[in-house]
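These notes concern the structure reproduced below.
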Amino acid sequence: MLTEERIAASTPEKEVIPKISAATLGKRAWFARLALEFSFGAYGTKLSSVKRHGPLSVQKAFYPEGADCAHLYLLHPPAGIVSGDCLAISASVNEKAHALLTTPGANRFYRARCDTRLGESKQRQQVTLKLAKQAVLENFPLEILVYNGADAVSTLDIHLSRQSSYLGWDIVCLGLPKSEQPFNSGGFTQVNRIYLEQALTYHDRIHINAENGLLTHPAGLGGNSVFGTFIIAAGALFGDGKQRQALIDNIRAYLEQGQAQQHISISDINGILVARYLGNSAQQCRLLFTGIWQLVRPLCLNREISEPRIWFT
Numbered sequence: 318m319l320t321e322e323r324i325a326a327s328t329p330e331k332e333v334i335p336k337i338s339a340a341t342l343g344k345r346a347w348f349a350r351l352a353l354e355f356s357f358g359a360y361g362t363k364l365s366s367v368k369r370h371g372p373l374s375v376q377k378a379f380y381p382e383g384a385d386c387a388h389l390y391l392l393h394p395p396a397g398i399v400s401g402d403c404l405a406i407s408a409s410v411n412e413k414a415h416a417l418l419t420t421p422g423a424n425r426f427y428r429a430r431c432d433t434r435l436g437e438s439k440q441r442q443q444v445t446l447k448l449a450k451q452a453v454l455e456n457f458p459l460e461i462l463v464y465n466g467a468d469a470v471s472t473l474d475i476h477l478s479r480q481s482s483y484l485g486w487d488i489v490c491l492g493l494p495k496s497e498q499p500f501n502s503g504g505f506t507q508v509n510r511i512y513l514e515q516a517l518t519y520h521d522r523i524h525i526n527a528e529n530g531l532l533t534h535p536a537g538l539g540g541n542s543v544f545g546t547f548i549i550a551a552g553a554l555f556g557d558g559k560q561r562q563a564l565i566d567n568i569r570a571y572l573e574q575g576q577a578q579q580h581i582s583i584s585d586i587n588g589i590l591v592a593r594y595l596g597n598s599a600q601q602c603r604l605l606f607t608g609i610w611q612l613v614r615p616l617c618l619n620r621e622i623s624e625p626r627i628w629f630t
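Listed below in C-alpha cells is the structure:
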C-alpha cells in the first residue's frame, strides 16, 4: 500500500535527534525532553519517575481500568513543532507494569522556515519506548497534522522482549485539503523501528515530498492525504503463527463487514502484525483502528478495551 523500507540488522541508523548544545540553542531552537518510567508493585502500576525539560509534561495517571493499568496523557502546550524544535519523548515500562499513553489533541508540524540564517528548517520528534519482560505498553496518540511546507522528521523506536507486549498506532495527515491547503511543498519523513531482544526486527521508513512522486504514485499514497500504521507486537503471538493467522482472519472479516478492506491491509512481519490505513479521513482511520484494538486487546492482553476519557472531550 505504501512505499516502504524494512531492514533486519543489528546496527541501528544514526540518531536523528541532535545533542543539545549552546551553539544550537542560540539559533532559535527549542528542545523539549520528557522521560517517563512505569513500575509495578503491591498497589499496581505507578508512574515512578518523570524527568522533563522544556514544554513537555504530564499530569497524574488515571486508572479507569483499576490499579494495574495506568492511563497517561502526554501534554505539549505549544501544540505544534516549528523549525528548530526537537521533541524527545521516552518511556520505560518495567516488569509487569502496564501503561497506556495518549494525547489530548493532534500534534502539528507547522510550515518550516525558509531563511536558514535564522537556523535550520528541520522539525523533529523522537519517541523511544522500552519494555521489560512481561511489561505492556499501549501507545495511541491522536493524529499528526503535517502542514504544507513543513520539513518534518518523526522517529519511533520500540525495544521489546519476547515476553512483553506493545500495541500502538500513528495517524498522519498531510496538509489541510478541506481548507484548500494541500500538501504540495516541503517534506515529511517517518521512521518506525522495533528491536526484539536487542535485534532490529522491523524497520519501516517513508520519505514524502513533492519531488519524489510518492504523494500521487499508485505505489505511494495514490493521491490520498491520510495514512496510518497500527503495530501489534505481543508476547502472546510471537511464537504462535496459527494464532496470528486466526487474528488476521478476524480483522479482515471485521474490515469486510464494514466495507473498509480497500482502506486497510494487514501483514505478519517476523511475528509482528502491522495494519496500514490509506485514505482521506483521520476520523475514519481512528475508528477502524479502534475496532481492530477491540479485537486484539482481549486476545493479547486479556482485557476489553477502555477508551481514554480525553477522547470524548
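Offset between the sequence shown (1-based) and the working numbering: plus 317.
Cβ atoms here follow ideal geometry from the backbone N, Cα and C, with glycine treated the same way.
So which of the options has the shortest CA-CA distance to residue i?
i           : options               : result
residue 348 : 483, 397 and 355      : 397
residue 577 : 608, 352, 586 and 472 : 608
residue 360 : 629, 383 and 628      : 383
residue 527 : 502, 610 and 487      : 502
residue 346 : 509, 386, 400 and 367 : 400
residue 617 : 452, 546 and 522      : 452
residue 430 : 504, 508, 612 and 597 : 504
residue 356 : 371, 433 and 448      : 448
Return the Cβ separation of residue i and residue j in integer angstroms, given the expectation that the two are a contact with Cβ distance under 8 Å.
i           : j           : result
residue 404 : residue 441 : 7 Å
residue 519 : residue 568 : Contact doesn't hold; Cβ gap of about 18 Å is too wide.
residue 614 : residue 484 : 7 Å
residue 542 : residue 604 : So it is not a contact: roughly 17 Å between Cβ atoms.
residue 554 : residue 562 : Between residue 562 and residue 554 the Cβ distance is about 10 Å, and since that is not below 8 Å, they are no contact.
residue 475 : residue 511 : 5 Å
Short check: CB of residue i to CB of residue j, under 8 Å?
i           : j           : result
residue 595 : residue 544 : yes
residue 450 : residue 412 : yes
residue 455 : residue 599 : no
residue 480 : residue 552 : yes
residue 438 : residue 352 : no
residue 487 : residue 546 : yes
residue 462 : residue 522 : no
residue 374 : residue 392 : yes
Leaving out five residues before and five after residue i in sequence, what residues of the same chain have Cβ atoms less than 7 Å from its Cβ?
i           : result
residue 627 : 390, 419 and 421
Could you check if residue i belongs to the surroundings of the ligand FAD, using beta carbon to heavy atom distance under 7 Å?
i           : result
residue 567 : Here there are no bound small molecules, and the ligand FAD is not part of this structure.
With a threshold of 6 Å on Cβ separation, who are the neighbours of residue i within its own chain once the five nearest residues in sequence on each side are excluded?
i           : result
residue 533 : 540
residue 625 : 388 and 419
residue 583 : 565, 568 and 592
residue 587 : 518
residue 394 : 372
residue 350 : 370 and 405
residue 610 : 622
residue 427 : 397, 399 and 464
Starting from the C-beta of residue i, find all residues in its chain whose C-beta is less than 8 Å away, skip the five residues before and the five after it, and write them out in chain order.
i           : result
residue 343 : Residue confidence for residue 343 is low, a pLDDT of 46 falling below 50, so the modelled location carries little weight; the figure read from the coordinates is stated next. Around residue 343: no qualifying Cβ.
* **Touch test, the segment 490-501 against the segment 468-476, Cβ-Cβ under 8 Å, three pairs minimum** => Of all C-beta pairs linking the segment 490-501 to the segment 468-476, fewer than three are shorter than 8 Å, placing the two stretches out of contact.
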